[in-house]
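Its first residue numbered 6, the sequence shown is counted upward by one per residue in UniProt numbering.
Inspection log for the structure reproduced underneath, given as structure tokens.
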Amino acid sequence: EEKIRRIDSAKDKSRAREKDSARLKVEENVFDVSTLKLLYTISNKGIIKALGGSISTGKEANVFYAEGSEKELAVKIYRITSGTFNAMDVYIMKDPRFTNIRNNKRDIIFAWTRKEFQNLKRAKSAGVRVPEPMLAEKNILIMEFMGENGVSYPLLKNTPLEGDEIKLVYDTIVEYMRLLYKEANLVHADLSEYNILIDPNDVTPIFIDMGQSVTLEHPNAREFLYRDVQNILRFFSRYGIRDKPEELLTKIQAE
Ligand code: ADP
Ligand code: MN
């Protein structure tokens, strides 16, 4: 039924991934020698049993599937040779946890990777469903794979919601934003239907992609929170949700 349909649509993506797997050798060319060496070192330590195909090629990072010793893993590799890193400065330089990093690209990327690891840890401790981070070393982040049998759970964007699911997913997202804010002292800062997965087994959201998440001390934290709120409201307006941004902000910032 519904669940099967969702898994089927996820499988279409998986086929694309299998094709990608053949291209891994080619894609490896996007990585510098030190990244490849680090990947082999991590593999030799036994954390990764086998590196699988590409899940995603983003602006700043590639995500690969991997088999771990106990469970499936996602390996997010930030490219050293990426042109878009100036955008990172805003998020990292003013974060009190990262004020003393040197102003060069490699160090910013390494700090960014550690930051995503720490943000995922904090989010998880706060009770937000996120991939459990396992290791951050230089530009490589290894985390729990959110999916089944090598197929990532679908994005909220690609998951049609029906009936009770709408309110359930929306309310859980708002609750996660509140937990992030109140318990983890964090604002996601890139929250949208593109960075939320839906577990088709129980139709619940999973937050991902937290490299840019900032602590509340960050001078732009309020602005980022407001943008997150607007993104969520814009997406859910298609499902008839008409909450006001101010209402949502109050809920998130409530005790
Ligand atoms: P980007 O910065 O490129 O947007 P994301 O962290 O959003 O990177 O990851 C890109 C895509 O990779 C996601 O949309 C998702 O499909 C997949 N992905 C990322 N992390 C995981 C994970 N832990 N488990 C399964 N799939 C993941
Ligand atoms: Mn993303």
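Don't be surprised by glycine CBs; every beta carbon is placed ideally from N, CA and C.
Output yes if chain D places a C-beta closer than 8 Å to the C-beta of S59; else output no. The structure shown contains no chain D; it is built from a single protein chain.
DSSP state of A27, grouped into three classes? In this predicted model, A27 has a pLDDT of only 44, less than 50, meaning its place in the structure is not dependable; the value taken from the coordinates is given anyway. Three-state DSSP puts A27 in a helix.
Cβ shell of L254 (< 8 Å), same chain only, five flanking positions each side left out: L230, Y231 and V234
Taking C-beta to C-beta, are F122 and P136 nearer than 8 Å? no
Helix, strand or coil, according to DSSP, for M215 in the structure here? coil
State the DSSP-derived secondary structure class of N67, mapped to helix, strand or coil. strand
Quick check on A71: buried or exposed, where buried means 16 or more other Cβ atoms within 10 Å of its Cβ? buried
What's the C-alpha gap between T118 and V208? 29 Å
For E75, the nearest candidate out of E65, E260 and K54 (CA to CA): K54
State the start and end residues of the unbroken alpha helix (DSSP H) segment that holds F42. In the sequence as displayed, the identity of residue 42 is Lys instead of Phe. V38 to N49 is the extent of the alpha helix (DSSP H) around K42.
Between which two residues does the alpha helix (DSSP H) harbouring P250 extend? P250 to I257
Using a threshold of 7 Å, is the CB atom of D214 nearer than that to any non-hydrogen atom of the ligand ADP? yes
V234 - DSSP class collapsed to helix/strand/coil: helix
Closest by C-alpha distance to R127, when choosing among Y199, A226 and H193: H193
Report the three-state DSSP secondary structure of L191 (helix, strand or coil). strand
Spatial distance of L184 from I237 (CA atoms): 16 Å
Taking Cβ positions, are M210 and R111 nearer each other than 8 Å? Residue 210 is actually Pro in this sequence, not Met. Not in contact: P210 and R111 (Cβ atoms no closer than 8 Å).
Under DSSP, the beta strand (DSSP E) around L78 begins and ends at which residues? E77 to Y83
Opposite M148 in the DSSP bridges: which residues? A79 and P138
Whole-Å CB distance - D204 paired with Y158, under 8 Å assumed: 5 Å
Could you give the DSSP three-state label for K143: helix, strand or coil? coil
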